[in-house]
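Peer 1: Pasting a structure below so you can have a look.
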Amino acid sequence: MSSVILLFACGILLLGLEVVVPGAVLGIVGGVLLLVGVGLSFDRFGPEGGALASAAALLIGGIAFYLEFVLLPRSRLAKKFSMTATVAGTSQPAVAQASLLGRPAVAATTLAPSGLIDCEGRRYEAFSRSGLVPAGATVEVVGIDTFRVVVTLSTNSTSSHPNPS
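Residues in the sequence shown are numbered consecutively from 5, following the working numbering.
Okay, here's the thing in structure tokens:
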């Protein structure tokens, strides 16, 4: 009797820890201990004792699942440890559209001859046909390549940067 109670107590303890500690290892070991306790109670106490131990193990497992998957996610503890922030960034720069052709833009970085431009509030990867273009210079979108825009130094640039070519 004491070994069955010990197995059940250890199984309950591990299932209780599984509710708080993620990873499923403690829950699996706790469930195995409950099953061993059920098997041992069938062996020692016959079908009636085994059935009682099985019902107790199912009840304990059901309570553990309910606590972990229903109550715990709504608790203050879960809200405190859960991540709620999201990242609004993207891993790839915006892909240029044909509507950018002929639009003015500003070199966000030095184009030597590749770099970044700001056009209509968005940043694009760009290639300069004019060669080296300093940051801050006004450029004009003259084409679209696969993943970048093609620009030239604007002829009516109001930038104080001289044309390097």
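Note that beta-carbon positions come from the ideal geometry of N, C-alpha and C, so glycine has one too.
1. How should Val155 be labelled, buried or exposed, when 16 other C-beta atoms within 10 angstroms of its C-beta is the threshold for buried?
2. Mind checking which residues open and close the alpha helix (DSSP H) that includes Leu62?
3. Per DSSP, what kind of secondary structure is Val154 in: helix, strand or coil?
4. Below 7 Å between beta carbons: does that hold for Thr113 and Ala139?
5. Using CA atoms only, rank isn't needed, just tell me which of Arg126, Val23, Leu157 is closest to Leu76.
6. Considering only C-alpha positions, which residue in the set Ser132, Gly93, Val40, Ala116 is nearest to Ile9?
7. When the Cα atoms are used, what is the spatial distance from Ser132 to Gly106?
8. Please classify Gly15: is it buried, with 16 or more other beta-carbons within 10 angstroms of its beta-carbon, or exposed?
9. What are the start and end residues of the alpha helix (DSSP H) that includes Gly147?
Peer 2: Short version:
1. By one-based count along the sequence shown, residue 155 stands at place 151. Val155 is buried by the Cβ-count criterion.
2. Against the sequence shown, residue 62 aligns to sequence position 58. Run containing Leu62: 29–70, per the alpha helix (DSSP H) assignment.
3. Residue numbering aside, residue 154 sits at position 150 when the sequence shown is read from its first letter. Looking at Val154 - three-state DSSP - the assignment turns out to be strand.
4. Reading the sequence shown from its first residue, position 109 is the one you call residue 113. Reading the sequence shown from its first residue, position 135 is the one you call residue 139. For Thr113 and Ala139, yes; Cβs fall inside 7 Å.
5. Looking up residue 76 in the sequence shown gives position 72. Nearest C-alpha to Leu76: Val23.
6. For the purposes of this step, residue 9 is taken as the residue at position 5 of the sequence shown. Of Ser132, Gly93, Val40, Ala116, the residue nearest in Cα terms is Val40.
7. Translated into the one-based positions of the sequence shown, residue 132 becomes position 128. Translated into the one-based positions of the sequence shown, residue 106 becomes position 102. Whole-angstrom Cα-Cα distance: 14 Å.
8. Counted from its first residue, the sequence shown places residue 15 at position 11. Burial call: buried.
9. Mapped onto the sequence shown, residue 147 falls at position 143. Run containing Gly147: none in the alpha helix (DSSP H); it sits in the beta strand (DSSP E), 142–148.
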